[in-house]
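Asker: Starting off with a structure, shown below.
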Amino acid sequence: MRRSSMRALAAATFAIFITACATTGTSGGGAVASPTGNDTGKDFAFQSTQFSPVPEQEAMRQQILKNWKGVGVEFITDQEAVIINNITAEAKAGGTGRIGIIGLENGQFSSIVAGNYLQDLSKVTDRNKDKKINADMLTLGKFGGSQQLYIPWMQQTYFLVANKQALQYLPSGADVNALTYDQLIAWAKNIFDKTGQKRFGWPVGTNGLIHRLLQGYWYPSYTGGLVTTFKSPEAVTMWNKIKELWQYSNPQSTTYAFMQEPLQSGEVWVAMDHGARLINVLKAKPDDFIAVPAPAGPKGRYYMSVVIGLGIPKTTPNQGGAEKLIDYLLQPDTQITTFRTNSFFPVIDAQMPADLDKGLKLEADAVAKQSSAKDGKVVPLPVGLGSQGGPFNTAILNTFQRIVVKGEDPSTVLNEQAKIINDLLNTAQAKCWGPDGTSTSTCQVK
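If you want it as structure tokens, here you go:
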């Protein structure tokens with residue numbers, strides 16, 4: 014692999030997130046040492062909201078955990094609300110529970126942190142200093158305090174993948190590495206006008222991540238916010254743009270969950286999705302596809318950073334064993350295996366191997382370009398919603414279904430859905446995050 018390619022890969026592992034926070038801190042991470050807690054020898058459960066698809070679960074158990082030499086670990090994936098309820102129940106029951114460690118998105122930790130259910134992992138961070146864990150990610154894991162309540166585990170983002178057959182239909186003057194949403198719409202229209210086929214695709218099916226594309230890409234790129242600007246005039250403009258693109262989108266989009274599948278079959282030529290849901294087509298046909306940054310809107314080229322952390326409940330049956338597992342998951346070889354198998358980037362300063370798969374190289378290059386774009390702006394996943402995270406996502410998805418799929422009037426739908434969103438935010442008592450800025454009171458649609 015060329016030296017320039019290696020630099021791009023190394024940059025990508027850190028650049029996904031590096032501008033997401035204005036805060037800074039000392040680098041953390043490091044060599045495996047004795048755990049701060051006692052290793053009781055008890056097996057424990059590792060509950061996570063990540064790797065829910067069966068192939069990813071199997072990769073976690075059979076490849077990522079393959080060289081784990083500690084006690085028995087039962088890896089279990091589940092919904093955020095279920096894991097939160099399990100942690101809460103074990104905490105209230107007292108004593109020790111079954112869950113030894115949890116792996117959640119940054120925003121999914123908030124209610125567990127508020128309940129004071131997590132161990133301070135500062136000593137685990139200290140003994141891993143030489144791994145140079147991203148400092149901003151470590152700061153996120155402190156939730157404004159001095160205790161390290163989670164340690165970063167891995168990261169990902171979303172980007173655009175296109176079949177090379179589609180490149181001939183790019184609108185005049187468009188740079189595929191610096192598209193706008195207007196150019197994306199024109200591209201899809203050109204494909205339809207020239208071929209008669211609707212080749213753009215959306216992950217709108219069951220378990221699809223269309224809500225993330227709206228939360229982290231379309232909404233902030235057009236309105237500069239998400240919650241506060243949910244029913245703004247700019248939001249109405251955005252929804253009309255999405256409706257325009259929908260005219261040239263494959264009608265089977267309502268059934269797609271992972272865009273790599275219709276891309277690989279040829280049903281779709283251009284699509285956006287989570288990196289882990291695009292990697293299979295890039296690995297299978299690296300010479301037939303390109304991966305490029307997300308488009309830009311009037312407010313900038315917004316993209317979402319997905320940071321996954323590891324936390325240890327105070328009720329863990331084996332704190333020492335759980336700490337050793339964190340040490341193991343932070344080892345460079347384990348971080349690279351996680352990237353190779355499940356397409357999540359390292360959070361440490363890991364040297365990318367020269368034999369990296371061509372598809373992973375395409376992905377890493379796209380992420381590096383997206384992160385270094387002059388108009389690039391990073392947003393986090395929703396923060397502080399707790400058990401209302403699912404209903405919030407559903408409210409966003411239902412807005413898409415009503416306006417785009419069913420063709421209802423955008424202003425009417427936005428006014429009705431705004432009431433639902435405000436109610437669930439009041440229930441969660443969630444303050445504003447990301448593109449909406451900060452607030453001292455509950456975040457609300459204006």
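For the sequence shown, this note's numbering gives the first residue as 14, with consecutive numbering after it.
For each residue, glycine too, the CB sits at the ideal point set by N, CA and C.
Excluding the 5 residues flanking Leu394 on each side, which residues of the same chain have their C-beta closer than 7 Å to its C-beta?
Answerer: Counting from 1 along the sequence shown, the entry for residue 394 is found at position 381. The residues are Glu118, Asn119, Gly120, Met317, Val319.
Asker: Quick one: what does DSSP say Glu280 is sitting in, helix, strand or coil?
Answerer: Your numbering for residue 280 matches position 267 in the sequence shown. If DSSP states are grouped into helix, strand and coil, Glu280 belongs with coil.
Asker: With distance defined between alpha-carbon atoms, name the residue in Gly110, Asn99, Val67, Ile89 nearest to Lys55.
Answerer: Against the sequence shown, residue 55 aligns to sequence position 42. Ranking Gly110, Asn99, Val67, Ile89 by Cα distance to Lys55 puts Gly110 first.
Asker: Taking the alpha helix (DSSP H) that Tyr194 belongs to, which residues open and close that run?
Answerer: Taking the sequence shown and counting its residues from 1, one reaches residue 194 at position 181. 194-208 is the span of the alpha helix (DSSP H), which, as asked, contains Tyr194.
Asker: Relative to the C-alpha of Gly403, which candidate in Ile100, Leu438, Ala297 has its C-alpha closest?
Answerer: Counting from 1 along the sequence shown, the entry for residue 403 is found at position 390. Residue Leu438 is the option with its Cα nearest to Gly403.
Asker: Using the C-alpha atoms, what's the distance from Met365 back to Gly447?
Answerer: Numbered from 1 along the sequence shown, position 434 holds the residue referred to as residue 447. Numbered from 1 along the sequence shown, position 352 holds the residue referred to as residue 365. Looking at the two C-alpha atoms, the distance is approximately 30 Å.
Asker: May I have the straight-line CA-CA distance separating Leu197 from Asp449, to the nearest angstrom?
Answerer: Within the sequence shown, residue 197 is the residue found at index 184, counting from 1. Within the sequence shown, residue 449 is the residue found at index 436, counting from 1. Roughly 25 Å between the two C-alpha positions.
Asker: Around the C-beta of Gln75, are 16 or more other C-beta atoms found within 10 angstroms, so that it is buried, or is it exposed?
Answerer: Residue numbering aside, residue 75 sits at position 62 when the sequence shown is read from its first letter. Classification of Gln75: exposed, given that the 10 Å Cβ count is below 16.
Asker: In or out: Pro308 buried (at least 16 other Cβ within 10 Å) or exposed?
Answerer: In the sequence shown, the residue the question calls residue 308 occupies position 295. Counting Cβ neighbours within 10 Å, Pro308 comes out buried, since at least 16 surround it.
Asker: Kindly identify the DSSP beta-bridge partner or partners of Gln332.
Answerer: Residue numbering aside, residue 332 sits at position 319 when the sequence shown is read from its first letter. Note: Gln332 sits in no beta bridge, so no partner.
Asker: Three-state secondary structure (DSSP) at Tyr163?
Answerer: Against the sequence shown, residue 163 aligns to sequence position 150. In the structure shown, Tyr163 sits in coil (DSSP, three-state: anything other than H, G, I, E or B).
Asker: Anyone know if the C-beta pair for Ile223 and Arg212 falls short of 8 Å?
Answerer: For the purposes of this step, residue 223 is taken as residue 210 along the sequence shown, with counting starting at 1. For the purposes of this step, residue 212 is taken as residue 199 along the sequence shown, with counting starting at 1. No, they are not a contact pair.
Asker: Taking Tyr235 as the reference, give the member of Gln344, Gly221, Trp252 with the closest Cα.
Answerer: Against the sequence shown, residue 235 aligns to sequence position 222. Ranking Gln344, Gly221, Trp252 by Cα distance to Tyr235 puts Trp252 first.
Asker: Considering only DSSP beta bridges, list what Asp286 is partnered with.
Answerer: As a first step, residue 286 is located in the sequence shown; it is residue number 273 there, counting from the start. Beta-bridge pairing links Asp286 to Phe172.
Asker: At which residue ranges does the stretch 215-301 contain complete alpha helix (DSSP H) runs of 4 or more residues, listed in the order of the chain?
Answerer: The qualifying runs are 223-226, 232-236, 246-259, 273-278, 292-297.
Asker: Check the DSSP bridge columns for Tyr315 and list the partner residues they point to.
Answerer: Residue 315 sits at position 302 when you count from the first residue of the sequence shown. Partner(s): Lys390.
Asker: Output the distance between the C-alpha atoms of Lys444 and Gly397, rounded to the nearest integer angstrom.
Answerer: By 1-based counting over the sequence shown, the position of residue 444 is 431. By 1-based counting over the sequence shown, the position of residue 397 is 384. If I take the Cα positions, the gap works out to 7 Å.
Asker: Select from Leu410, Val426, Gly420, Ile114 the residue whose C-alpha is nearest the C-alpha of Thr219.
Answerer: Mapped onto the sequence shown, residue 219 falls at position 206. Selected option, being the one with the closest Cα: Leu410.
Asker: Quick check on Phe286: buried or exposed, where buried means 16 or more other Cβ atoms within 10 Å of its Cβ?
Answerer: Within the sequence shown, numbered from 1, the residue matching residue 286 stands at position 273. According to the sequence displayed, residue 286 carries Asp and not Phe. Its Cβ being crowded by 16 or more others within 10 Å, Asp286 is buried.
Asker: In the DSSP output, which residue or residues are listed as bridge partners for Gln60?
Answerer: One-based indexing of the sequence shown puts residue 60 at position 47. In DSSP, Gln60 forms a bridge with Ile89, Ile115.
Asker: When you compare each of Glu93, Phe156, Val137 to Lys337 by their alpha carbons, which one comes out closest?
Answerer: As a working note, residue 337 is residue 324 in the sequence shown. Of Glu93, Phe156, Val137, the residue nearest in Cα terms is Val137.
Asker: Helix, strand or coil for Lys444, going by three-state DSSP, please let me know.
Answerer: On the sequence shown, residue 444 is found 431 positions in, with the first residue counted as 1. Note: Lys444 maps to strand in three-state DSSP.
Asker: I need the DSSP call for Phe358, collapsed to helix, strand or coil.
Answerer: Taking the sequence shown and counting its residues from 1, one reaches residue 358 at position 345. Of the three classes helix, strand and coil, the one that applies to Phe358 here is strand, per DSSP.
Asker: Which of the three DSSP states, helix, strand or coil, is assigned to Pro495?
Answerer: This structure cannot settle anything about residue 495, because the visible part of the chain is limited to 14 through 459.
Asker: How long is the line joining the alpha carbons of Gln442 and Thr412, rounded to whole angstroms?
Answerer: Reading the sequence shown from its first residue, position 429 is the one you call residue 442. Reading the sequence shown from its first residue, position 399 is the one you call residue 412. Approximately 22 Å between the Cα atoms of the pair.
Asker: Is Phe357 near the ligand NAP - that is, is its Cβ less than 7 Å away from at least one heavy atom of it?
Answerer: The ligand NAP is absent from the structure shown, which contains no ligands of any kind.
Asker: Quick one, are the C-beta atoms of Phe88 and Met73 less than 8 Å apart?
Answerer: Reading the sequence shown from its first residue, position 75 is the one you call residue 88. Reading the sequence shown from its first residue, position 60 is the one you call residue 73. Yes; because the gap between Cβ atoms is below 8 Å, this pair is in contact.
Asker: Which same chain residues end up closer than 8 Å to Ile349 when comparing Cβ atoms and leaving out the 5 residues on each side of it in sequence?
Answerer: Your numbering for residue 349 matches position 336 in the sequence shown. Pro359, Ala363, Met365, Pro366, listed in sequence order.
Asker: Please classify Pro165: is it buried, with 16 or more other beta-carbons within 10 angstroms of its beta-carbon, or exposed?
Answerer: As a first step, residue 165 must be located in the sequence shown, where it is residue number 152. Answer is buried; the Cβ neighbour count reaches 16.
Asker: Starting from Asn455, follow its DSSP beta bridges and name the residues at the other end.
Answerer: Within the sequence shown, residue 455 is the residue found at index 442, counting from 1. Per the sequence presented here, residue 455 reads as Thr, with Asn not at that position. Answer is Lys444.
Asker: Quick check on Gly229: buried or exposed, where buried means 16 or more other Cβ atoms within 10 Å of its Cβ?
Answerer: Counting from one through the sequence shown, the residue named residue 229 turns up at place 216. By the neighbour-count rule (16 or more Cβ atoms within 10 Å), Gly229 is buried.
Asker: Inspect the beta-carbon positions of Leu131 and Tyr171 and report whether they are closer than 8 Å.
Answerer: Position 118 of the sequence shown holds residue 131. Position 158 of the sequence shown holds residue 171. Contact: no.
Asker: Which of helix, strand or coil does DSSP assign to Ser47?
Answerer: By 1-based counting over the sequence shown, the position of residue 47 is 34. Unreliable positioning characterises Ser47 in this predicted model, as indicated by a pLDDT of 41, which lies under 50. A coordinate reading is not provided.
Asker: Since I believe Arg314 is in contact with Asp388 (beta carbons under 8 Å), could you give me their beta-carbon distance rounded to a whole number of angstroms?
Answerer: As a position in the sequence shown, residue 388 is number 375, starting the count at 1. As a position in the sequence shown, residue 314 is number 301, starting the count at 1. Yes, Asp388 and Arg314 are in contact; Cβ-Cβ is about 5 Å, under 8 Å.
Asker: Return the residue from the list Lys432, Ala201, Leu295, Ala289 that minimises the CA-CA distance to Glu257.
Answerer: Here residue 257 refers to the residue found at position 244 when the sequence shown is read from its first residue. Glu257 has its Cα closest to that of Ala201, out of Lys432, Ala201, Leu295, Ala289.
Asker: According to DSSP, simplified to helix, strand and coil, what is Phe405?
Answerer: To locate residue 405, count along the sequence shown from 1; it is residue 392. It is helical.
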